[in-house]
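Numbering (the working numbering), first residue to last: 2 to 222.
Right under this line is the structure:
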């Protein structure tokens, strides 16, 4: 069954309205992960934003602005800027992922530095007309990011984010039905599922009847 454009837009709008407040939290919304999330009070909801991602994005923006409005003659000192940017980019990988620094304040600062490095590289790649600088910037950022993903994946591949949580035993015993960190997300998903079912019910029925009509005719014969 192919969805109509209007249906796609309605489903997209509904999903955004139900999930915008937690979509970028990237963590369960429970007390255990309170220090991993920024909470921004809104009129009817609380907006949850992942601290690591938001600080990296903020660092990227600051890095771009610093590079654009830098008083240092940029072309003359391009290698100087490249080395600083590379240091900011590799520091998060070294401290957080390899040395396993666990202090939240340090990790927040490191995420900000990583964003600065990305911002520097992004501006260098765009600012210079030389194709060489562009290729150099991309050639440093992409491999660094790939290395970061490989290290992070290896480090967290067997990690259970809910390991040691007191609610696991309560769930297994049936004392509670939902994990407090995922309950609101599950409710939002259920509302979206109900909305989609109501919206597409008639089309699904028609598609189903058309698909199985030949078999029904054979049975009647």
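Each residue gets a CB set at the ideal place from its N, CA and C atoms; glycine is no exception.
Counting along the chain, residue 174 sits inside the alpha helix (DSSP H) bounded by residues 167-174.
Residue 162 holds the alpha-carbon nearest to the alpha-carbon of residue 33 among 191, 162, 119. Rounded to whole angstroms, the gap between the alpha carbons of residue 37 and residue 122 is 27 Å. The secondary-structure analysis by DSSP pairs residue 40 across a beta bridge with 49. A Cβ-Cβ separation of about 5 Å places residue 56 in contact with residue 113 under the 8 Å criterion. Taking the Cα of residue 190 as reference, the smallest distance to any Cα among 35, 9, 23 is reached at 23. Burial of residue 116 is indicated by the presence of at least 16 other C-beta atoms within 10 angstroms of its C-beta.
Between residue 146 and residue 15 a beta carbon distance of about 33 Å is seen, past the 8 Å cut, so the two are scored as non-contacting. Per DSSP, the unbroken alpha helix (DSSP H) holding residue 15 starts and ends at 6-20.
Excluding sequence positions up to five before and after residue 177, its CB lies within less than 7 Å of the CB of 168, 171, all in the same chain and listed in chain order.
8 Å or more divides the Cβ of residue 54 from the Cβ of residue 182. Under the criterion of beta carbons closer than 8 Å, residue 124 and residue 68 qualify as touching, at roughly 4 Å. Taking residue 166 as the centre and dropping the five residues before and after it, the same chain places the C-beta of 33 closer than 7 Å to its C-beta, in chain order. Separation of residue 203 and residue 196 (C-alpha to C-alpha, rounded to the nearest whole angstrom) is 13 Å. Residue 103 has its alpha-carbon roughly 23 Å from the corresponding atom of residue 61. With fewer than 16 other CB atoms across the displayed protein chains lying within 10 angstroms of its CB, residue 148 is exposed. C-alpha of residue 52 to C-alpha of residue 7: approximately 35 Å in a straight line. With a threshold of 16 other beta carbon atoms within 10 Å, residue 154 falls short and is exposed.
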